[in-house]
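Notes to accompany the following structure.
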Amino acid sequence: MTFKPAHLLVVLLVTAFPAMAQNLATVNGKAIPASKAEPFVKQALAQGQKDTPQLRAMIKDRLVGTEVLLQAAEKAGYGKNEEVKVQIEMARQQILIQSLMRAHVEKNPVSEADVKAAYDKWKTQNGDNEYHPFHILVEKEDDAKAIISKLKGGAKFEELAKQSKDTGSAGKGGDLDWVSQANVPPAFAAALTSLKKGQFTETPVKTEVGFHIIKLDDVRPLKLPTLDEVKQQIGESLVQEKVQAYQQSLIKAAVIK
């Protein structure tokens, strides 16, 4: 192979100073390997930036600044500080766990079919309509029955709602604003969807918070966002579910005494 003079000069420089070609800089005699810049370059490219001399110069300056501060912290003895050691160990553990979970998700990705199935399930749970209920919540079933008797006798729902346990709606006549059947407890939803406009439940409706008397004010068609509008949100939620399920499977398989 024949080298031109300029090419020969480059070869001689790299051969004579291999360490210089492998380092970005030295700080107080400590070298910063060029390889340290690559993760930052990769991250910048993933964010849409271009691999330019300016980008690499900025990354170099950042690494130099970090090394200067790191040396100052070590010199001041913070590397031996017990509290700092605990924080470093916690950060190490978190990075390892995140790496494990990221690898699991990459091996078990959320598919388009998974997102579509979750969306369809969500639509079914919400139903076709949106409801505007009022309610009165009390502790005891007998109290609920007494209120129902008063309502049947002509008492105003909004007045009786002032004694509701639900302080958030009591001052508004029991108004719960518009809800879908997925936004309320199953027993509440079943009673609500069985009512016609203006009707109230004639038997107390029990949920985990007490006994309800429910009145339906109005109904309208429910407008849900399209799949495209919530695709990312659903995908992120499914990823979290995968991570949690994987974590629980590891805990279940572990020998814990």
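In terms of UniProt numbering, the numbers along the sequence shown are unbroken and rise by one, the last being 257. All C-beta atoms, glycine included, are put in the ideal place defined by N, C-alpha and C. As the structure is a computational prediction, the values presented were derived from the model and not from experiment.
> Tell me, which residues are paired with I32 by DSSP?
Replying inline: Under DSSP, I32 takes part in a beta bridge, and its partners are A25.
> By how many angstroms is the C-alpha of K150 removed from the C-alpha of E202?
Replying inline: For E202 and K150, the distance between alpha carbons rounds to 11 angstroms.
>> Please tell me whether A76 and Q125 are closer than 8 angstroms, where the distance is taken between their beta carbons.
In response: No, the pair does not count as a contact, with Cβ atoms beyond the cut-off.
> What number of angstroms, rounded off, separates the C-alpha of K121 from the C-alpha of M58?
Replying inline: Straight-line Cα distance between these residues: approximately 48 angstroms.
> Just how far apart, CA to CA, sit A118 and K215?
Replying inline: Straight through space, the alpha carbons of K215 and A118 are spaced by roughly 32 angstroms.
> From Q244 to T226, what does the alpha carbon distance come to, in whole angstroms?
Replying inline: Their Cα atoms are separated by approximately 27 angstroms.
> Could you give the C-beta distance for L160 and G210, rounded to a whole number, given that I count them as a contact under 8 angstroms?
Replying inline: Contact between L160 and G210 does not hold, since their C-beta atoms are separated by about 15 angstroms, which reaches or exceeds 8 angstroms.
>> In whole angstroms, give me the CA-to-CA distance for E89 and A34.
In response: Counting only the Cα atoms, A34 lies some 26 angstroms from E89.
> Is DSSP giving T207 helix, strand or coil here?
Replying inline: T207: strand per DSSP, three-state reduction.
>> Just to confirm, is the Cβ distance from P109 to L176 under 8 angstroms?
In response: For the pair P109 and L176, the CB atoms are not nearer than the 8 angstroms cut-off.
>> Going by DSSP, what residue range makes up the beta strand (DSSP E) through Y119?
In response: No beta strand (DSSP E) holds Y119; the alpha helix (DSSP H) holding it covers 112–126.
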